[in-house]
Every structure is written in C-alpha cells, then in structure tokens.
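Each remark here refers to the structure printed beneath this line.
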Amino acid sequence: MNDKSKATASPAARTADGNGGSTGQPGKAIVYLLGCLLLFSVMNVTVFNVALPDISGDLGISSGLAGWVITGYAMVYAIGALMYGKLADLFPLKRLMTIGIILFSVGSLIGFLSEGFAWLLIGRLVQSAGASSIPALAMLIPARYFAPERRGAVMGLIASFIALSAGIGPIVGGFVTGALHWKYLFLLSLGTLVVLPFLRRALPDEGRRPGTIDTFGAGLLAGAVAMLMLTITNIGNLQAVIYGAIFAVLLLLFILRSQRVKEPFIALSLFTEGPYRYAILAMFLSSMTAFSLMLLVPLMLESMFGFGAQGIGMVLFPAAIAAAFMGRLGGRWTDRFGSIPILLMAATLMITGFVLMAGFAWTGPWMIAIALILPNIGFVFVQSSMSKLVSLLLPAQRLGAGMGVFSMTNFMSGAIGGALATTALDWGVPFPAIFLTMTFLLAMQMLVVQFILRGKVSGSGSGKLVTTSSKR
Numbered sequence: 005m006n007d008k009s010k011a012t013a014s015p016a017a018r019t020a021d022g023n024g025g026s027t028g029q030p031g032k033a034i035v036y037l038l039g040c041l042l043l044f045s046v047m048n049v050t051v052f053n054v055a056l057p058d059i060s061g062d063l064g065i066s067s068g069l070a071g072w073v074i075t076g077y078a079m080v081y082a083i084g085a086l087m088y089g090k091l092a093d094l095f096p097l098k099r100l101m102t103i104g105i106i107l108f109s110v111g112s113l114i115g116f117l118s119e120g121f122a123w124l125l126i127g128r129l130v131q132s133a134g135a136s137s138i139p140a141l142a143m144l145i146p147a148r149y150f151a152p153e154r155r156g157a158v159m160g161l162i163a164s165f166i167a168l169s170a171g172i173g174p175i176v177g178g179f180v181t182g183a184l185h186w187k188y189l190f191l192l193s194l195g196t197l198v199v200l201p202f203l204r205r206a207l208p209d210e211g212r213r214p215g216t217i218d219t220f221g222a223g224l225l226a227g228a229v230a231m232l233m234l235t236i237t238n239i240g241n242l243q244a245v246i247y248g249a250i251f252a253v254l255l256l257l258f259i260l261r262s263q264r265v266k267e268p269f270i271a272l273s274l275f276t277e278g279p280y281r282y283a284i285l286a287m288f289l290s291s292m293t294a295f296s297l298m299l300l301v302p303l304m305l306e307s308m309f310g311f312g313a314q315g316i317g318m319v320l321f322p323a324a325i326a327a328a329f330m331g332r333l334g335g336r337w338t339d340r341f342g343s344i345p346i347l348l349m350a351a352t353l354m355i356t357g358f359v360l361m362a363g364f365a366w367t368g369p370w371m372i373a374i375a376l377i378l379p380n381i382g383f384v385f386v387q388s389s390m391s392k393l394v395s396l397l398l399p400a401q402r403l404g405a406g407m408g409v410f411s412m413t414n415f416m417s418g419a420i421g422g423a424l425a426t427t428a429l430d431w432g433v434p435f436p437a438i439f440l441t442m443t444f445l446l447a448m449q450m451l452v453v454q455f456i457l458r459g460k461v462s463g464s465g466s467g468k469l470v471t472t473s474s475k476r
C-alpha cells in the first residue's frame with residue numbers, strides 16, 4: 005500500500021488487523037456524545053480557577069498549597085492523555101472510556117465528600133486520572149472511525165465543544181461558588197455518568213489487539229512528564245532547577261530504554277522520521293500562545309480595569325462563543341481545502357488578534373473582547389486542521405500513541421506558555437511586549453507549516469493527504 009492509499013484508506017481498513025478489529029462503525033450521534041463528555045471534562049479544568057481563594061480561606065491553607073488543586077490536576081491530566089492514547093492501540097476504546105468516566109465520577113464524589121485538603125487533593129487527582137481519557141480518546145475516535153474526507157468536520161465540531169467548555173468554565177465556576185459552595189463544583193462532573201450508557205451503545209465492539217505495554221518505560225516517561233510539569237510551575241525558583249535535572253535524567257533513561265526493548269512504550273521513530281514531528285512542533289507553538297492568552301487576559305483586565313471574576317468572564321465569553329460557532333466551519337474548510345491553508349489562515353487570525361491586543365487594549369475592555377475573537381477562532385481552526393493532519397500522518401498501528409502524544413503536547417505547551425508569560429509579568433515585562441513576542445512565535449509556526457510541512461505533505465481539495473516521504 006503506497007502513501008496515498010494509506011492516507012485515504014477507509015476507517016475500517018485502517019483499524020482492521022484481523023485481531024480485535026472493529027465489528028461496526030459508530031454513527032454521527034457519537035460526535036455529540038463526545039461533545040457532552042468534553043463539556044464536563046474541559047470545563048472541570050477551569051471551573052476551579054475562580055474558587056481557589058474560597059478553598060484557601062475555608063481550609064485555612066496558603067494560596068500556594070491551594071494551587072495544587074490546579075497543578076496536581078494538570079500534572080495527572082498531561083500524563084493521562086499520553087497513557088490513554090497508547091493503551092488505545094491495544095485495548096478497546098469502549099473499555100477505556102468506561103474506565104475513565106468511572107474514575108472521573110469517583111474522584112468527583114471523593115472531592116465533594118472530602119474533609120480537609122488531603123482528601124480534596126486526592127479527589128482532584130482521581131478526577132484527573134479519569135478526565136484525561138476524554139480529550140485523548142475523543143480526538144482518536146474520529147481518526148479511527150471516520151473517513152478522511154469527513155474527518156475535518158468531525159474534529160471541527162469537537163474543537164467547538166472544547167472552545168465552548170473553556171469559555172463557560174470560569175462563568176459556571178463563579179456562579180456555583182457564589183450561589184452554593186465550591187464543593188458543588190465536583191458534582192458537575194457526575195453528568196458524564198448520564199452520557200456513559202449512550203456512549204457504550206454508540207461505540208463498536210472491539211477485541212484486544214496484539215502487543216505489550218512496556219510498563220517500566222511508561223513509568224519513566226510518566227515520571228519525566230511529572231518532573232517537567234513541576235519544573236514549569238516552579239519556574240524562577242530553585243526547585244525548578246532540581247525538578248529540571250530529574251526530568252533530564254528520567255528522559256534520558258526513557259530514551260535508552262526505548263532503544264533496547266522490542267516494543268517501547270512510545271516508538272522514538274515518531275520523533276526521528278517523517279513529518280509528524282514537524283506537525284507536533286507547529287502545534288506546540290500555536291498552543292503555547294493560545295493558552296498564554298487565556299491566562300494573560302484575566303490578569304490584564306484585573307490590572308488595567310479592576311475587573312473581578314464575573315466581569316472577566318463576561319469579557320471572555322463572546323470570543324468563546326464565536327470560536328464554538330466557527331469551529332465546525334473550520335473543520336469543513338479543512339476537508340475542502342486541506343490542512344495547510346487553514347493552518348496558515350488560523351495563524352494569521354491569531355497574529356492579528358495579538359497585534360490588536362498589544363496596540364489597543366488600553367482603549368477599554370470592549371476592545372479586548374473584540375480582539376479576543378480573532379485568536380480564539382484561529383486556535384479552534386488550528387485544533388481541527390492539525391488534528392486531522394496528525395491523524396493522516398500516523399500509521400494505524402501507532403495512531404493511539406501518536407494522538408496521545410499530540411494531546412499531551414497540546415496540554416503541556418499551554419502550561420509552558422502560561423508559566424513563561426506569568427514569569428515575564430513578574431519580571432516587569434509589559435503586556436504589549438508579551439503579546440508581540442507571541443506574534444513572533446506564531447510567525448515561526450507559519451514558517452514551519454509553509455516551508456517544512458508543506459514540503460512534506462500536499463493537501464488536495466478534499467482535505468486528503470499525500471506524504472512525499474515513505475518514512476513512517
């Protein structure tokens with residue numbers, strides 16, 4: 005089978021291997037079920053942000069310790085996204101999604117019933133161990149079960165749900181915390197249990213695929229990711245140096261381990277051969293700027309205009325709604341014109357928005373609300389077009405692992421960008437200078453897409469992909 009036929013093969017052809025292949029294809033309803041799950045999963049990342057002061061006051065702990073409600077969740081979330089992706093190469097998606105949703109719900113109950121910070125943190129970590137299955141597998145399902153010519157539209161719709169969830173999270177969190185109590189935020193996640201039986205019915209039955217899991221290698225990689233997250237969250241402190249050194253050692257051990265075992269946890273060839281590595285780099289640059297913006301704008305609104313949580317949420321909301329409505333359109337355009345043109349257009353939208361933020365934010369919060377619409381729409385276009393591009397670049401036997409790395413990169417790049425942006429603020433760098441720096445990163449992303457990725461792949465009008473290299 006040549007590269008073109010690999011890219012355009014039907015979903016059944018890509019997933020069937022004679023050992024545990026799918027016995028049927030899910031219908032269109034599964035996209036909306038995934039959207040409902042993403043609503044709970046992604047929103048759960050942001051709803052607790054506005055509740056941190058209340059958590060700190062109620063439990064009598066420092067704001068730094070309370071911050072572990074977010075930091076711990078983020079750490080497990082990044083690791084989980086990678087792990088579930090790899091496991092999906094071997095185990096049925098129906099089983100993995102069921103396990104993830106049950107863990108998510110159990111963690112929610114632990115958090116709601118918790119007495120003291122220790123049980124609260126345990127609840128959040130268990131929550132994250134389950135919630136991380138949802139975005140990782142939600143992006144894998146279209147890649148596995150939908151034909152390439154429809155995949156962009158499906159991924160665009162999923163990206164719309166992600167944008168909507170991120171936008172309404174702070175608003176919902178502020179309302180529930182103010183009207184009831186922050187513990188009731190945990191109960192929101194129990195909505196996934198309502199979706200679970202419908203999801204199980206929609207997903208096809210599969211058997212276990214052949215292969216093994218390198219558990220020692222997985223442990224090394226999980227430890228490396230955890231140390232990297234700790235390095236990021238402690239940037240500027242001595243602890244960051246210590247965590248960074250441990251990260252480097254664990255990563256080196258993982259690489260050595262992967263070179264010696266027959267079936268490594270993540271094949272290193274993913275990062276040494278083919279255009280996949282360049283797609284990951286482009287996604288890293290886009291996500292780093294987009295997630296930094298989400299963190300910087302609330303700080304800017306508080307600093308410049310004295311806005312509280314409710315006012316900040318109202319400024320952010322129009323951009324989130326615009327992205328949610330435009331996401332599906334971006335996916336359709338990806339199917340029609342190909343990923344490369346949409347990625348370039350998305351970067352242009354994001355750069356324009358950042359320039360407007362840098363030059364005109366001082367005119368008022370209304371200007372910020374308008375300027376935010378462009379990067380939000382641009383990023384939702386990036387998510388759908390890049391998700392399709394990556395899914396077509398990966399061979400079927402590495403689809404789960406590759407999409408897991410993609411999901412983890414998306415999440416961790418946001419953490420890195422946010423940490424660098426807040427550190428720059430602590431060092432006295434003005435907001436406009438940070439926004440202009442982000443435009444430089446996006447320009448780099450455009451160069452990668454235009455002069456490296458376009459040279460490795462060519463998109464047809466239907467959005468199908470032809471690789472110019474047979475290396476996989």
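Residue numbers for the sequence shown follow my numbering, so the first one is 5 and each next one is one higher. Positions of the beta carbon are idealized from the N, C-alpha and C atoms, including for glycine.
Q: Flag this pair as yes or no: are the beta carbons of Pro322 and Ala373 separated by less than 8 Å?
A: yes
Q.
Let me confirm a value: Gln263 is counted as buried when at least 16 other C-beta atoms fall within 10 Å, else exposed. Which label applies?
A. exposed
Q | Cα-Cα separation between Leu144 and Met407, rounded to whole angstroms | A | 6 Å
Q) Do Gly84 and Ala133 have their C-beta atoms closer together than 8 Å? A) yes
Q. Do three or more CB pairs link the stretch 290-300 to the stretch 438-449 at distances below 8 Å?
A. yes
Q. Exposed or buried, which one is Thr235 when buried takes at least 16 other CB atoms within 10 Å?
A. buried
Q: Pick helix, strand or coil for Pro399, following the three-state DSSP scheme.
A: coil
Q) Does the distance from the CB of Phe190 to the CB of Ser112 come in under 8 Å? A) yes
Q: Quick one: using the 10 Å Cβ neighbour count with 16 as the cut-off for buried, is Gln449 buried or exposed?
A: buried
Q. When the distance is taken between beta carbons, is Ser389 closer than 8 Å to Gly39?
A. no
Q | Simplified DSSP assignment, three categories, for Lys266 | A | coil
Q.
Mapping the DSSP letters down to three states, classify Lys90 as helix, strand or coil.
A. helix
Q | Rounded C-alpha distance that separates Ala33 from Gly404 | A | 22 Å
Q | Beta-carbon spacing of Thr382, Leu353 below 8 Å | A | According to the sequence shown, residue 382 is Gly rather than Thr. Yes, the Cβ-Cβ distance between Gly382 and Leu353 is below 8 Å.
**Q.** Element boundaries [alpha helix (DSSP H), containing Phe108]
**A.** Leu97 to Leu117
**Q.** Simplified DSSP assignment, three categories, for Gly408
**A.** helix
Q: For the stretch 181-259, list the beta strand (DSSP E) runs that are entirely contained and at least 3 residues long, ordered along the chain.
A: none
Q: Label Gly459 either buried or exposed according to how many other C-beta atoms from any shown protein chain fall within 10 Å of its C-beta, with 16 as the threshold for buried.
A: exposed
Q. What did DSSP end up calling Glu153 once you bin it into helix, strand or coil?
A. helix
**Q.** Helix, strand or coil at Ile65 according to DSSP, with G and I counted as helix
**A.** coil
Q. Gln449 lies in the alpha helix (DSSP H); which residues open and close that run?
A. Phe435 to Leu451
(Q) Can you check which of these residues, Leu161, Leu125 and Pro139, is closest to Met330 by C-alpha distance? (A) Leu161
Q. Apart from the five residues just before and just after Leu239, which ones in its own chain have a Cβ nearer than 6 Å to its Cβ?
A. One detail in the question is off: residue 239 reads as Ile in this sequence, not Leu. Counting only Cβ-Cβ distances below 6 Å, and skipping sequence neighbours, we find Ala423 and Thr427.
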